[in-house]
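Written out below as C-alpha cells is the structure these notes cover.
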Amino acid sequence: MQVSVRRLALCPLGVSRFSGHIGGALLSPVAGLLSTRLRTLFSETGAWEKDYKTETRRRVEEWWHPRIMAQWQNEALEESSNRKKFYVLSMFPYPSGRLHMGHVRVYTISDTIGHFQRMRGHQVLNPMGWDAFGLPAENAAIERGLDPEEWTKSNIQSMREQLDSLGLCFNWDREVTTCLPDYYRWTQYLFIKLFEAGLAYQKEAVVNWDPVDQTVLADEQVDENGLSWRSGALVEQKLLTQWFIKTTNYAKPLLDALADLPEWYGVKAMQANWIGECTGCYFDFKLKVNGEETGETLSAYSSSPETVFGAAYLAVLPSHRLLHGRSAVRSALEKAFQPGKDSLTEVTAQNLLTGHEVPLVISHREAFDGYLDTVIGIPDCSEEDLSVATALNLRWTTVLKSDEDGRQMLVNSDEFSGLTREQAFDSITQKASEQKIGGHLTSSKLRDWLISRQRYWGTPIPVVHCGSCGPVAVPEEDLPVTLPKLPSLKGKGASPLEAAHDWVNCKCPRCKGPARRETDTMDTFVDSAWYYFRYTDPHNPDRPFERHLADHWLPVDVYIGGKEHAVMHLYYARFLCHFCKDQGLVAHREPFRKLLVQGLIKGQTFKLADSGRYLKREEIDFTDKEPVVHGGGRVEVTWEKMSKSKHNGLDPQEVVQQYGLDTVRLYTLYAAPPEQDILWNVKTDALPGVLRWQSRVWQLVTKLRGARQLGDVAGPSLLKKKELAEAKKIWENKNYAIQEVTSHFTEDFLFNAAISRLMGLTNTLSSATARVVQHSVEFEEALAALVLMTAPMAPHLASELWAGLCEVRNPLSRLLQRGGAVLQQLWPTVDPEYLEAPDFVELSVLINNKACGTVAVPLQVSKDCERVQQLIVESPFGRKLLGDRSIKRAILSPRTALINFLIDE
14 MQVSVRRLAL CPLGVSRFSG HIGGALLSPV AGLLSTRLRT LFSETGAWEK DYKTETRRRV
74 EEWWHPRIMA QWQNEALEES SNRKKFYVLS MFPYPSGRLH MGHVRVYTIS DTIGHFQRMR
134 GHQVLNPMGW DAFGLPAENA AIERGLDPEE WTKSNIQSMR EQLDSLGLCF NWDREVTTCL
194 PDYYRWTQYL FIKLFEAGLA YQKEAVVNWD PVDQTVLADE QVDENGLSWR SGALVEQKLL
254 TQWFIKTTNY AKPLLDALAD LPEWYGVKAM QANWIGECTG CYFDFKLKVN GEETGETLSA
314 YSSSPETVFG AAYLAVLPSH RLLHGRSAVR SALEKAFQPG KDSLTEVTAQ NLLTGHEVPL
374 VISHREAFDG YLDTVIGIPD CSEEDLSVAT ALNLRWTTVL KSDEDGRQML VNSDEFSGLT
434 REQAFDSITQ KASEQKIGGH LTSSKLRDWL ISRQRYWGTP IPVVHCGSCG PVAVPEEDLP
494 VTLPKLPSLK GKGASPLEAA HDWVNCKCPR CKGPARRETD TMDTFVDSAW YYFRYTDPHN
554 PDRPFERHLA DHWLPVDVYI GGKEHAVMHL YYARFLCHFC KDQGLVAHRE PFRKLLVQGL
614 IKGQTFKLAD SGRYLKREEI DFTDKEPVVH GGGRVEVTWE KMSKSKHNGL DPQEVVQQYG
674 LDTVRLYTLY AAPPEQDILW NVKTDALPGV LRWQSRVWQL VTKLRGARQL GDVAGPSLLK
734 KKELAEAKKI WENKNYAIQE VTSHFTEDFL FNAAISRLMG LTNTLSSATA RVVQHSVEFE
794 EALAALVLMT APMAPHLASE LWAGLCEVRN PLSRLLQRGG AVLQQLWPTV DPEYLEAPDF
854 VELSVLINNK ACGTVAVPLQ VSKDCERVQQ LIVESPFGRK LLGDRSIKRA ILSPRTALIN
914 FLIDE
C-alpha cells in the first residue's frame, strides 16, 4: 500500500528533524515512516480505523510524537511581540540519571498548561534546565572514582532523552545547567552584588555539621530530630567561619508582599510562619575591652527598637560564639562567666546609633524567645530586663513617659524625644537602616542564610582573602572563578578545594599582594534562587540577563513543583528577586504569580511486621484476603513515596510502553487534584477510566464520519422539533463544558475536574440520535470542541482525532475547514448567546423527601438530572449533607426547581 500524499496536508510540517524515544526504543521520523508504510493510520493513508485499539494507539503516538515536538520548537522560534506572554515554569530537576513518576506528573502539568495557553494565542515560555551542582554527584564521583562533571553531564544526557521520550514540549533552546561556567559566572556576579551591598558577609558561627557528608547544613536542612535532611546522620555542632547572606534585611518586605499574591495552597501561610512577625530589628554594636576597641561588631535584637536609647545592657547566651571562637573578647568573657547566673563582664558595647555604651552580660538562660542568642536589655519595656539590670546594679535612662491622653511618648532620646512610640519606631528604624547599622524589621525567629558548603562540586565563592585588605571580591571582569580539576575529592574536615594549591594561592585584586581564594562553595539553593531569570536570556555573555527580557517574561505566571520547597527554595528565590529589584536589574519584586504545588505519587509498600524490612511483590502470597510472606510472616501494607529501596517504584518508560503516553498523561491529571497525593493502583484507580474514555472519544469521531457517509445532503433543516431540542441541549452542554474546562485550566488547575467535565460532554454526545449526528451543526461543533479541549492533555490522540474530523464529508462547521494541526487551533470559546441567558436558578434539595436547603445551578443545565446531581455532590453543600453516603437515585422534577436524593439511611 502506498503512502497517500494527503498526509502532507494533514501534517504540514512534513518530516521533522527531531529524534526521540518511545517505550525505550529510539525512533526517528524517517524510521517511523518506513516502519508504518504498510499500516493503516489515517494521518498516513487516509483510512480510518473504527476502534482505538492498543496497536492503533501505539501507531498514533509513534507518528505524532516527533511532529508535535517539532511543531512546538518551530513555533517557539517565531517570537512575536504582538502576542501576550505566558511563562509556565516547572522546578528544574537534579540530574540523577533517571526520571521518576513525580517528574512525569509535574512536567505533564506544565506541558498541558503550555499547550493550552498557546492555543489561547499566547507566546508561551516553558523552559527546562538542570540543578546540577550538589552533594549527590560529588558522593557518587567519590564512590566510583569519577569526575563529578563527567557523571553529571552523563546523567543530563540520559534524562534529556527520557524527557523527550515522554513527548514533553520544552523550550530546549533556553536550557540552563547550573554547573557550567556560563551559568555560575552569573551566580558569582549576583553574589558580588550582594557583597557590595553589605548583604553577603563572613563570620564565625556555631553551625550544623553533617559528619557523613562532611559539610555544613542550614538550620532548615536539619529535621526536628536533629538529623541531616540528606544523609540522615545525627548533626553535630561545630564552630566555623562561614558566609551568610543577610536575608533578615528583607524579612518585612517579603512578609508584606505575600498579601498581594494569590492563594498558594497553604504555602503563603508556611512562608509567613517561617519569617515570623516582623516587630523588631537588630542594631550594631562595637565591642570594647577595658575601653579599648576590639575591632569586633555585634548585632543584637530588640523587640522594641523605639526604646533603644533606654538600653541598660547587651546579653549573650553561654553558647554564643564569642565564648567559643577566636574572638578578641573571649578571654574576658570566660573570666567573668558563672554557670547558672547572669554574669557582668569587662566587655562593653557601644550602640552605633545612639553612641551609648552598655555592659555585656552573659545570661544564665538557655535561649531568648527560643531563637535568639543576643538581645538588648531595656528595663522600660520588660520586667525581666528590669530584674536583670536591678540585680546587677546597672544604670539606665528612662525613655518612656505617658502624656495627659495616656499615650506613651519618648523622652531622653535625642531628636526622637517628643514622638509617640509608633512615630519613634518608624523614625529610629529608618535612620538605622539608612546608616546601615541595623534597623531592618525582622522577627526574632528568622536567621540569615548560611550559604557556605565545605564541598567541591558547587559554585566557588568569588572572594580572595588578603592579609592587608581582608576579604576582597573578585573583579567582575575576572569571572567566572572556575573550579580546578582535582585528582581526588576525598578528605575530611575541610573543603576539597584546599588541596588545589595552585588555585588557592593568588594575588589580591586590590593591593596585588599575596592572597588566598575562598575554598568554600555555595549552597545549591543559591544557584536555583535565580534560574527563572536566566531562562529569559540564557545565552547572554555580558550579563545575567537583559532587563527588558526579564521584564517581558516576569513574573512567572504559573510555577509548578513540590510542596517540600515551600520554605527554603521559594523564600530564597523571592529574596533574590526583591534584591534584584532594588538593584535596578528588574521591574518586578515578586518572581512568581501563581504557585501550583504538586503531591507525591505513592506506591504500595509491603513490610515485614516484625523487622520492618521492605519486601518485593514476589516474596508475598496474595492468595488470601490478607497478604502474607511466602512461608509465613505477617505483612504490613502502606502507601509511601516511590523508591527502589522500598520496591514500590515505577519506571516511567515501562509504564508508557504498557499504557501509552496519552494514557499516562491523562492518568496523572485525572487521578487527583495536583496538590494531592496519588496512590498508584492500576486495578482500582483512574487508569481504566481514562483508557475507556479515549476509546469513547475515538468512537464519536468514527460515529460522525460514518453518519456523513450516509448521504450527500446534511443540514439542520432536515431535523424535526424533538431533534432540534436535542441539538440545543448538545449546544448548551458544549458551552457549559467550555466554560468549566477553561476555568479549571486558568483558575484552580483542577485538571481532574476538567476531564470529568469532558467525560460528561462525551456522555451527551454518545447518547445523540443518528439523525442529530448526521444533520446537526451542534454535534459537529461540540465534538470539535471536545477534541480541542482534550489536545493539551492528550496531544497525540487529539492530533489524530482532529485529522479525522477535518476530513469528514460534508462538514457543517467552519471549524473543520480551517486546516492545520490540532495544537495550532484556537481554544474554543463560549458562544455569546449562551452568556446572555440568565445565569442561575435556585434549586430546592431534598434528601429522602426532606427539604435540606437550596443551591444555585446554571440555568442551562437545570433540567439535566445527571449534571445537576454532579454539581450538587461536588459542592461544599453536597459534601456536607451527602458525604460518602450511597445515592440510590436522584429525581429531578420536570415542573419545579427541585431535586430529591434517595439515599441509604
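According to this note's numbering, the sequence shown holds residues 14 to 918 in order.
Just so it is clear, CB atoms sit at the ideal spot from N, CA and C, and this is done for glycine as well.
Beta-carbon proximity of residue 519 to residue 485, cut-off 8 Å: Residue 485 sits away from residue 519, with the two beta carbons spaced by 8 Å or more.
Rounded separation between residue 159 and residue 153 - CA only: Taking the straight line from one Cα to the other gives about 8 Å.
Where residue 238 falls: helix, strand or coil (DSSP): DSSP places residue 238 in coil when its eight states are reduced to three.
Close Cβ partners of residue 628 (< 8 Å) along its chain, the five nearest in sequence each way excluded: Setting aside the 5 residues that flank it on each side, residue 628 is surrounded in the same chain by 619, 620, 621, 642, 648, 660, each with a C-beta closer than 8 Å to its C-beta; the list follows chain order.
Those residues which DSSP pairs with residue 607 across a bridge: Checking the DSSP bridge columns, you'll see residue 607 partnered with 571.
Short Cβ contact (8 Å threshold) for residue 442 with residue 322: Cβ distance not < 8 Å, so residue 442 and residue 322 don't count as in contact.
Residue 547 vs residue 189 beta-carbon contact at 8 Å: Residue 547 places its beta carbon less than 8 Å from that of residue 189.
C-beta atoms of residue 310 and residue 299 nearer than 8 Å: Yes, the pair counts as a contact, with Cβ atoms nearer than the cut-off.
Spatial distance of residue 795 from residue 584 (CA atoms): Residue 795 and residue 584: Cα-Cα distance of roughly 45 Å.
Close beta carbons around residue 320, own chain, < 7 Å, minus the five adjacent residues each side: Listed in chain order, the non-local C-beta contacts of residue 320 below 7 Å within the same chain comprise 391, 393, 394, 412, 413, local neighbours out to five positions each way being set aside.
Whether residue 289 touches residue 315 by CB criterion (8 Å): No, Cβ-Cβ distance for residue 289 and residue 315 is not below 8 Å.
Exposure label - residue 792; buried when at least 16 CB within 10 Å: For residue 792, the number of other beta carbons within 10 angstroms of its own is at least 16, and it is reported as buried.
Residues near residue 461 by beta carbon distance below 7 Å, same chain, minus five either side: Cβ neighbours of residue 461 beyond the five flanking positions: 257, 258, 259, 260, 261.
Own chain partners of residue 694 with C-beta closer than 8 Å, once the 5 adjacent residues on each side are dropped: Once the five neighbours on either side are set aside, the close Cβ partners of residue 694 are 617.
For residue 760, the nearest candidate out of 606, 481, 404, 307 (CA to CA): The alpha carbon of residue 760 has as its nearest neighbour, out of 606, 481, 404, 307, the alpha carbon of 606.
Sheet register partners of residue 615 (DSSP bridge): DSSP, once it has assigned bridges, lists 654, 692 as partnering residue 615.
Burial state of residue 175 (16 or more Cβ within 10 Å): By the Cβ neighbour-count rule, residue 175 is buried, with 16 or more other Cβ atoms within 10 Å of its own.
With 16 other Cβ atoms within 10 Å as the buried cut-off, status of residue 684: By the C-beta density criterion, residue 684 is buried, having at least 16 other C-beta atoms within 10 angstroms.
Burial state of residue 170 (16 or more Cβ within 10 Å): With fewer than 16 other CB atoms across the displayed protein chains lying within 10 angstroms of its CB, residue 170 is exposed.
Beta-carbon spacing of residue 801, residue 771 below 8 Å: For residue 801 and residue 771, no; Cβs fall outside 8 Å.
The segment 488-505 in contact with the segment 340-357 per 3-pair CB rule at 8 Å: By the Cβ rule, the segment 488-505 does not count as touching the segment 340-357, because fewer than three pairs are nearer than 8 Å.
In DSSP terms, what residue 314 is bridged to: Its beta-bridge partners are 295, 388.
Cα-Cα separation, residue 912 to residue 853: In a straight line, the C-alpha of residue 912 is about 15 Å away from that of residue 853.
Cβ-Cβ distance between residue 137 and residue 105 below 8 Å: No, they are not a contact pair.
Cβ contact check for the segment 599-613 and the segment 113-129: 3 or more pairs under 8 Å: These segments touch.
Buried or exposed (CB count within 10 angstroms, at least 16 for buried), residue 778: Under this definition residue 778 is a buried residue.
Sequence-distant residues of the same chain with beta carbon closer than 6 Å to residue 589, five excluded per side: Cβ neighbours of residue 589 beyond the five flanking positions: 542, 543.
Where residue 759 falls: helix, strand or coil (DSSP): Per DSSP, reduced to three states, the secondary structure at residue 759 is helical.
Residue 576 versus residue 114: straight-line alpha-carbon distance, rounded: The straight-line gap from Cα to Cα measures roughly 16 Å.
Under 8 Å between C-beta atoms of residue 786 and residue 732: Judged by their CB atoms, residue 786 and residue 732 are not nearer to each other than the 8 Å cut-off.
The alpha helix (DSSP H) enclosing residue 104, as first and last residue numbers: Unbroken run through residue 104: none, as it is neither H nor E.
Pairwise C-alpha distance: residue 805 and residue 194: Distance between the alpha carbons of residue 194 and residue 805: 36 Å.
Under the three-state DSSP convention, the category residue 40 falls into: Low per-residue confidence applies at residue 40: pLDDT is 39, beneath 50, and the placement is therefore not dependable enough to give any value.
Unbroken stretches of the beta strand (DSSP E), 3 residues or longer, contained in the segment 156-228: Listed in chain order, they are 213-223.
At least three beta-carbon pairs within less than 8 Å, the segment 327-339 to the segment 379-390: Contact holds: three or more Cβ-Cβ distances are below 8 Å.
Cross-strand partners of residue 303 (DSSP beta bridge): Assignment of beta-bridge partners to residue 303 by DSSP yields no partner.
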